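Novice: Chains as they are written, first to last, in our numbering: chain A, 81 to 236; chain B, 1236 to 1394. All C-beta atoms in this analysis are idealised placements derived from N, C-alpha and C, irrespective of residue type, glycine included. This structure is a prediction, so every number in the text was calculated from the model and none was measured.
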């Protein structure tokens, strides 16, 4: 959730974007399928997934993208805007099964992270660039990416 | 033959192919459901008052949401253009490779978007399990005023 507004003048290259924690579950996969319209059974059907060479049902790449978008939009606040965003689905992630109707079973927790790589003023826009990624429970970066955001200047 | 390119002339000729434009209506409920699916409680995606206070006419979309279904019609329209060829090339397993997006104007509830998808590139790569085909679909979204609001480049991997 967007909290305190971040300003261009306060951003330091090399600093970190506040980490966002996520748990991929089979339930989130189904919610995401309905909300996004991606009904590929690879993301919720064990038997189908077994024919796809992925080693089981895998988390939607676009769901991990949406986590990274949240990482960025939480950080930039209500007055920030995303100008560019990119990510690659390099490594597969496997959702936790559900323990109860609402609680995930034991397993991995994913961390969405970012570091600020550059800041510049271009055509009157105060731009900040960052590297972003999703880290799995073993510390592997399965979904690396980058973003360019426009921040309010906050004075000079 | 094993070392022959899977990017045949027939496949190469498809680069540049354009899909029919697709109309997408952006609804409040669909935006909220999308944000909820990710557990994203950003008020700009949920509360009209908060969005107005931030200078928007209505709740806005998380970047990458273009109305429901987000990639159904526009991307599948593009993908179906290469579908027959993938089958000919013996590639049945499809994976999402990633995205590269540019956002020009925030998309808000009430917008009507027109999406046109082009096959921007088709190339081959050697993977651990053999040849893979990387197809990049470039979708341009215009709003009801004819302004370009965003461009989405999605890479589809077939193997």
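Determine which residues share a DSSP beta bridge with residue 195 (chain A) and list them.
Specialist: Looking up residue 195 (chain A) in the first chain gives position 115. Per DSSP, A:96, A:211.
Novice: What whole-angstrom Cβ distance do residue 233 (chain A) and residue 89 (chain A) have, given they're in contact under 8 Å?
Specialist: In the first chain, counting from the first residue as 1, residue 233 (chain A) sits at position 153. In the first chain, counting from the first residue as 1, residue 89 (chain A) sits at position 9. Right, their Cβ atoms sit about 6 Å apart.
Novice: By Cβ distance, which residues of its chain are closer than 6 Å to residue 113 (chain A), with the 5 residues on each side in sequence left out?
Specialist: As a working mapping, residue 113 (chain A) is identified with position 33 in the first chain. Answer for residue 113 (chain A): 119, listed in chain order.
Novice: Flag this pair as yes or no: are the beta carbons of residue 1261 (chain B) and residue 1290 (chain B) separated by less than 7 Å?
Specialist: On the second chain, residue 1261 (chain B) is found 26 positions in, with the first residue counted as 1. On the second chain, residue 1290 (chain B) is found 55 positions in, with the first residue counted as 1. For residue 1261 (chain B) and residue 1290 (chain B), no; Cβs fall outside 7 Å.
Novice: Taking 8 Å as the limit between beta carbons, can you name the residues of its chain near residue 106 (chain A), skipping five residues before and five after?
Specialist: Residue mapping note: residue 106 (chain A) aligns to position 26 of the first chain, counting from 1. Here the set comprises 124, 137, 175, 176, 177, 178.
Novice: Just reading off the alpha helix (DSSP H) that residue 1288 (chain B) is part of, what are its end residues?
Specialist: Within the second chain, the letter at position 53 stands for residue 1288 (chain B). Residues 1283 to 1288.
Novice: Are the region 1323 to 1333 of chain B and the region 1372 to 1380 of chain B in contact at 8 Å, needing three or more beta carbon pairs?
Specialist: No, the region 1323 to 1333 of chain B does not touch the region 1372 to 1380 of chain B.
Novice: For a quick check, are the C-beta atoms of residue 1298 (chain B) and residue 165 (chain A) less than 7 Å apart?
Specialist: In the second chain, residue 1298 (chain B) corresponds to position 63, counting from 1. In the first chain, residue 165 (chain A) corresponds to position 85, counting from 1. Their beta carbons are under 7 Å apart, which means residue 1298 (chain B) touches residue 165 (chain A) by this criterion.
Novice: From what residue to what residue does the alpha helix (DSSP H) around residue 263 (chain A) run?
Specialist: This structure does not reach residue 263 (chain A), given that chain A is present from 81 up to 236, and the question cannot be answered.
Novice: Under three-state DSSP, which class holds residue 82 (chain A)?
Specialist: The count along the first chain starts at 1 and reaches residue 82 (chain A) at position 2. Note that residue 82 (chain A) scores a pLDDT of 46, beneath 50, so its modelled location is shaky and nothing firm can be said.
Novice: Given that a residue counts as buried once 16 or more other Cβ atoms are within 10 Å of its Cβ, and exposed if not, what is residue 1383 (chain B)?
Specialist: Translated into positions along the second chain, residue 1383 (chain B) becomes position 148. Label assigned to residue 1383 (chain B): exposed.
Novice: Do residue 1356 (chain B) and residue 1371 (chain B) have their C-beta atoms within less than 7 Å of each other?
Specialist: The count along the second chain starts at 1 and reaches residue 1356 (chain B) at position 121. The count along the second chain starts at 1 and reaches residue 1371 (chain B) at position 136. Against a cut-off of 7 Å, the Cβ pair of residue 1371 (chain B) and residue 1356 (chain B) comes out as a contact.
Novice: Please report the straight-line C-alpha distance between residue 131 (chain A) and residue 122 (chain A), rounded to a whole angstrom.
Specialist: Residue mapping note: residue 131 (chain A) aligns to position 51 of the first chain, counting from 1. Residue mapping note: residue 122 (chain A) aligns to position 42 of the first chain, counting from 1. Computed Cα separation, rounded: 9 Å.
Novice: Please give the ranges of any alpha helix (DSSP H) in the region 115 to 175 of chain A, keeping only runs that are unbroken, at least 4 residues long and fully inside the region.
Specialist: Here the runs fully enclosed are 126 to 130, 141 to 156.
Novice: If you draw a straight line from the alpha carbon of residue 183 (chain A) to that of residue 227 (chain A), how long is it in whole angstroms?
Specialist: Start at 1 with the first residue of the first chain, and residue 183 (chain A) comes out as number 103. Start at 1 with the first residue of the first chain, and residue 227 (chain A) comes out as number 147. The straight-line gap from Cα to Cα measures roughly 32 Å.
Novice: In three-state DSSP terms, what is residue 1370 (chain B)?
Specialist: Mapped onto the second chain, residue 1370 (chain B) falls at position 135. Here residue 1370 (chain B) sits in strand by DSSP.
Novice: Inspect the beta-carbon positions of residue 1368 (chain B) and residue 1393 (chain B) and report whether they are closer than 7 Å.
Specialist: Position 133 of the second chain, counted from the start, is the residue given in the question as residue 1368 (chain B). Position 158 of the second chain, counted from the start, is the residue given in the question as residue 1393 (chain B). Yes, they are a contact pair.
Novice: Suppose contacts are defined by Cβ-Cβ distances below 7 Å. Is residue 1271 (chain B) in contact with residue 1278 (chain B) by that definition?
Specialist: For the purposes of this step, residue 1271 (chain B) is identified with residue 36 of the second chain, where counting begins at 1. For the purposes of this step, residue 1278 (chain B) is identified with residue 43 of the second chain, where counting begins at 1. Against a cut-off of 7 Å, the Cβ pair of residue 1278 (chain B) and residue 1271 (chain B) comes out as no contact.
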